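Residue numbers (the UniProt record's numbering): 1 to 577.
In structure tokens:
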């Protein structure tokens with residue numbers, strides 16, 4: 001015990017401690033960070049120390065050590081617990097419970113075990129220490145806290161990349177539906193989309209594709225939750241002309257789920273800072289520029305190898321064709337697109353257009369790329385994703401042995417993933433009770449609002465178009481107020497959605513007439529809704545009453561140009577035009 005040899009007078013201190021005083025001294029040493037003494041107590045007084053609660057919120061001394069990322073201390077405490085557990089098991093000669101370690105199952109007031117703590121904070125090595133190198137204590141992965149969250153769920157809800165990859169990998173043969181859904185019915189896919197971790201959501205759909213149709217207790221599918229996130233899509237984003245130029249010059253590749261998981265697993269095994277470049281921050285622009293030119297050589301080699309491989313195996317030509325159809329690149333041939341994107345990126349860095357603004361635009365474009373990729377993945381089964389058909393009911397107890405559904409050997413699309421090792425993770429830690437703190441826009445949506453109407457309400461053109469292509473009948477969806485998609489778009493001031501729907505006018509004029517002539521349950525027409533004053537829950541809030549009135553008038557005139565003249569005098573149920 002390397003740590004224990006440096007204790008000094010700790011032995012004398014422990015001689016004066018009786019078993020009844022262990023809890024008090026353990027709490028004192030833990031709070032003061034005297035880990036040598038804590039370790040000694042764990043070895044000398046296992047019956048008292050291992051299950052002693054320091055405080056209701058913190059749990060045991062092991063909880064606190066994990067929370068502070070004291071890796072060496074955690075290893076010593078776990079070793080003390082396991083040593084005592086083996087001794088007790090040998091003495092009792094009981095095999096039925098010998099695999100369960102009570103001290104590692106201790107909970108704080110939220111029901112979190114030490115493994116929950118390690119998973120939610122992203123300490124993958126500590127998770128491995130607790131579970132064991134040979135997965136001896138993997139049963140701890142199925143333990144839930146008071147919100148019904150497993151350690152895997154907490155790693156996902158906080159998007160701890162490496163920890164999630166590790167826990168998902170070791171549980172591939174035992175994970176079941178219960179491990180991926182908490183008490184409020186939200187799955188890890190719901191929480192990933194709600195937290196706007198779209199790279200995680202793409203990974204989840206790849207490995208746990210059955211979750212794409214899962215309904216929570218509010219009867220929301222992941223597609224419906226995605227439709228409440230306008231900032232995730234380009235159509236609902238508003239960049240300045242300068243940032244729009246940067247946006248089109250930045251290359252963001254589609255996310256390769258399998259490669260990302262492998263990369264995160266490798267990172268967990270590496271030292272934390274082994275891959276970080278050692279240079280001053282003011283050298284960043286020069287480093288980025290050099291990286292672009294070095295990347296050209298790397299890309300060239302990769303392309304030549306790919307070309308040789310395709311020559312040997314002609315079947316890969318078809319795969320490349322399919323991939324080019326999946327990720328269209330405009331009018332250039334697929335093999336020219338890499339060079340085209342390289343020139344644009346080099347141009348940006350040559351002009352010195354880097355720094356915070358470039359990083360912000362790159363983050364935004366990644367989010368848009370991944371959310372669009374997620375949308376296409378969800379819509380592979382359009383009807384099921386739209387209605388939740390096939391999703392497991394959340395109020396029915398599921399037999400854990402019924403659903404061994406996860407495998408890392410599923411067939412996945414190939415592709416090159418741009419590694420983000422040099423970029424800090426942009427992570428906003430979500431509360432474990434996030435179901436109680438959902439955004440107002442999501443709370444106010446009635447259950448009859450389909451994902452199509454929700455997307456129209458929030459001005460997400462990409463979702464509206466994708467649903468119209470895959471489920472044309474969605475055009476007739478109405479909410480509980482009998483408002484169709486056009487009425488919803490007009491009510492919530494979404495001009496891009498209205499313009500998207502106007503495209504129907506040329507191909508299907510009768511369908512457009514049905515939309516424009518529709519009325520809600522109070523017989524309000526599109527003109528009535530366009531004339532309504534904007535409430536606090538609606539978009540398009542403009543600073544200043546005068547400007548707000550000007551925009552309201554412009555909006556009314558725009559909608560007025562869409563309707564026939566006799567609509568001007570139509571009255572609703574209140575007798576108002």
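In this text, a Cβ means the ideal position worked out from N, Cα and C, and glycines have one as well. What you are looking at is a predicted structure, and each value in this text was computed from that prediction instead of being measured.
Same chain, Cβ closer than 7 angstroms to residue i, five either side skipped, listed in chain order
i: residue 523; result: 572 and 573
i: residue 497; result: 456, 459, 461, 464 and 489
i: residue 64; result: 30, 54 and 58
i: residue 71; result: 125 and 126
i: residue 481; result: 520 and 521
i: residue 446; result: 479 and 480
i: residue 108; result: 56, 57, 58, 59 and 63
i: residue 230; result: 236, 458, 459 and 460
Backbone secondary structure at residue i - three-state DSSP
i: residue 187; result: strand
i: residue 361; result: helix
i: residue 252; result: coil
i: residue 17; result: coil
i: residue 55; result: strand
i: residue 563; result: coil
i: residue 38; result: helix
i: residue 181; result: strand
i: residue 372; result: helix
i: residue 569; result: helix
i: residue 27; result: helix
i: residue 267; result: helix
i: residue 446; result: coil
i: residue 525; result: coil
i: residue 469; result: helix
i: residue 163; result: helix
i: residue 173; result: coil
i: residue 213; result: helix
i: residue 261; result: helix
i: residue 576; result: coil
i: residue 533; result: coil
i: residue 116; result: helix
Buried/exposed call for residue i, threshold 16 Cβ in 10 Å
i: residue 165; result: buried
i: residue 491; result: buried
i: residue 569; result: exposed
i: residue 583; result: The structure shown has nothing for residue 583, since the chain only spans 1 to 577.
i: residue 161; result: buried
i: residue 208; result: buried
i: residue 385; result: buried
i: residue 549; result: exposed
i: residue 200; result: buried
i: residue 547; result: exposed
i: residue 516; result: buried
Chain-order list of residues whose beta-carbon lies under 6 angstroms from that of residue i (same chain, five-residue window excluded)
i: residue 377; result: 205
i: residue 17; result: 25
i: residue 556; result: 530 and 531
i: residue 362; result: 250
i: residue 512; result: 504 and 505
i: residue 357; result: none
i: residue 448; result: 479 and 480
i: residue 112; result: 145
i: residue 501; result: 486
i: residue 261; result: 165
Rounded C-alpha distance that separates residue i from residue j
i: residue 29; j: residue 241; result: 58 angstroms
i: residue 188; j: residue 215; result: 12 angstroms
i: residue 38; j: residue 61; result: 8 angstroms
i: residue 303; j: residue 371; result: Caution applies to residue 303, whose pLDDT of 37 falls short of 50 and renders its modelled position unreliable; the value that the coordinates give is listed next. Cα to Cα, the separation comes out at about 27 angstroms.
i: residue 367; j: residue 210; result: 23 angstroms
i: residue 364; j: residue 80; result: 47 angstroms
i: residue 120; j: residue 135; result: 19 angstroms
i: residue 582; j: residue 514; result: The question about residue 582 has no answer here: the residues shown for the chain are numbered 1 through 577.
i: residue 266; j: residue 256; result: 16 angstroms
i: residue 104; j: residue 222; result: 34 angstroms
i: residue 518; j: residue 466; result: 23 angstroms
i: residue 118; j: residue 131; result: 11 angstroms
i: residue 564; j: residue 575; result: 20 angstroms
CB contact flag (residue i, residue j, <8 angstroms)
i: residue 78; j: residue 35; result: no
i: residue 190; j: residue 154; result: no
i: residue 152; j: residue 167; result: yes
i: residue 527; j: residue 554; result: no
i: residue 212; j: residue 381; result: yes
i: residue 369; j: residue 254; result: yes
i: residue 142; j: residue 184; result: no
i: residue 578; j: residue 224; result: This structure cannot settle anything about residue 578, because the visible part of the chain is limited to 1 through 577.
i: residue 174; j: residue 138; result: yes
Sequence-distant residues of the same chain with beta carbon closer than 8 angstroms to residue i, five excluded per side
i: residue 22; result: 41, 45, 48, 49 and 52
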